[in-house]
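Peer 1: One structure, pasted below without further comment.
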Amino acid sequence: MSASVAYQLPGFGLKGQAAANWLLEQGIDLPQQPNTWLTMPDQSLVLRLGRSEFLLQGPVATRLESIWQGGRELYRVPRYDATFELKGEKVPALLQEICTLDTRPEAMAGQVLMMLAAGISVMLICETGNAGPIYRLWCDGTYGDYLGDCLQQILD
């Protein structure tokens with residue numbers, strides 16, 4: 000099992016009535032439904048957290064940050080998440096210890112799960128690839144050390 004944590008990965012949060020249109024004008028494909036996500040060709044992640052709220056992570060976040068000027072009905076949401084990447088054969092058992100939702104890759108396809116894990120609010124997605132599933136988990140950055148310690152204790 001490998002688990003890594005990185006604090007403050009490039010993240011660009013955006014919300015408001017004009018958010019979807021602005022992102023489309025920037026050439027970004029969007030998930031159609033709330034609590035879904037997709038991967039862009041540059042491996043950036045686009046999460047639709049609500050009808051008009053988005054989190055973008057990866058190279059696209061840096062690009063959007065550099066061109067951001069604000070606008071009417073368009074609000075920047077600062078993101079300071081701790082982001083974990085979980086992969087390996089022990090991940091299913093680990094996830095059973097920290098949450099009660101169905102986290103099998105086939106059950107999570109394209110979905111963003113918002114849940115409590117180890118007593119804190121987190122978001123979880125599952126990417127599938129040739130090397131097996133990769134789970135990405137976000138929490139408020141102030142809880143990053145705590146959640147990292149909880150995950151490590153479960154693995155030990």
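By numbering that gives the first Met the number 0, the letter at position 19 of the sequence shown is numbered 18, and the numbering carries on one by one without gaps. Even glycine gets a Cβ: it sits at the ideal position worked out from N, Cα and C. A quick note: this is a predicted structure, and the numbers were derived from the prediction, not measured.
In angstroms with no decimal places, state the Cα-to-Cα distance between residue 120 and residue 140.
Peer 2: In the sequence shown, counting from the first residue as 1, residue 120 sits at position 121. In the sequence shown, counting from the first residue as 1, residue 140 sits at position 141. For residue 120 and residue 140, the distance between alpha carbons rounds to 11 Å.
Peer 1: When burial is assigned at 16 or more other CB atoms within 10 Å of the CB, is residue 130 buried or exposed?
Peer 2: As a working note, residue 130 is residue 131 in the sequence shown. So residue 130 counts as exposed.
Peer 1: My parser needs the beta strand (DSSP E) runs of 3 or more residues fully inside the region 15 to 68; what are they?
Peer 2: Complete beta strand (DSSP E) runs here, min 3: 35 to 38, 44 to 49 and 52 to 56.
Peer 1: Start and end of the beta strand (DSSP E) containing residue 116?
Peer 2: Residue numbering aside, residue 116 sits at position 117 when the sequence shown is read from its first letter. Run containing residue 116: 112 to 116, per the beta strand (DSSP E) assignment.
Peer 1: Would DSSP call residue 130 helix, strand or coil?
Peer 2: Here residue 130 corresponds to residue number 131 of the sequence shown, with the count starting at 1. In the structure shown, residue 130 falls within a coil segment according to DSSP collapsed to helix, strand and coil.
Peer 1: By Cβ distance below 7 Å, which residues in the same chain neighbour residue 64 in space, the five residues on each side in sequence not counted?
Peer 2: For the purposes of this step, residue 64 is identified with residue 65 of the sequence shown, where counting begins at 1. Result list for residue 64: 11, in chain order.
Peer 1: Does the Cβ-Cβ distance between residue 133 and residue 89 come in under 8 Å?
Peer 2: Residue mapping note: residue 133 aligns to position 134 of the sequence shown, counting from 1. Residue mapping note: residue 89 aligns to position 90 of the sequence shown, counting from 1. Not a contact, by the Cβ cut-off of 8 Å.
Peer 1: My output table needs one value for residue 149: the three-state DSSP class, helix, strand or coil.
Peer 2: Taking the sequence shown and counting its residues from 1, one reaches residue 149 at position 150. Three-state result, residue 149: helix.
Peer 1: Excluding the five sequence neighbours on either side, which residues of its own chain have a C-beta within less than 6 Å of the C-beta of residue 136, listed in chain order?
Peer 2: If you number the sequence shown from 1, residue 136 lands on position 137. Taken in chain order, the residues that qualify are 83, 121 and 123.
Peer 1: Can you say whether residue 99 is buried or exposed, counting buried as having 16 or more other CB atoms within 10 angstroms of its CB?
Peer 2: In the sequence shown, residue 99 corresponds to position 100, counting from 1. Exposed is the call here.
Peer 1: Note down the Cα distance separating residue 51 from residue 36, rounded to an integer number of angstroms.
Peer 2: The sequence position of residue 51 within the sequence shown is 52, counting from 1. The sequence position of residue 36 within the sequence shown is 37, counting from 1. Roughly 13 Å separates the two Cα atoms.
Peer 1: Can you name, in chain order, every residue of its own chain whose Cβ lies under 7 Å from the Cβ of residue 42, other than the five neighbours on each side?
Peer 2: Translated into positions along the sequence shown, residue 42 becomes position 43. Cβ neighbours of residue 42 beyond the five flanking positions: 57.
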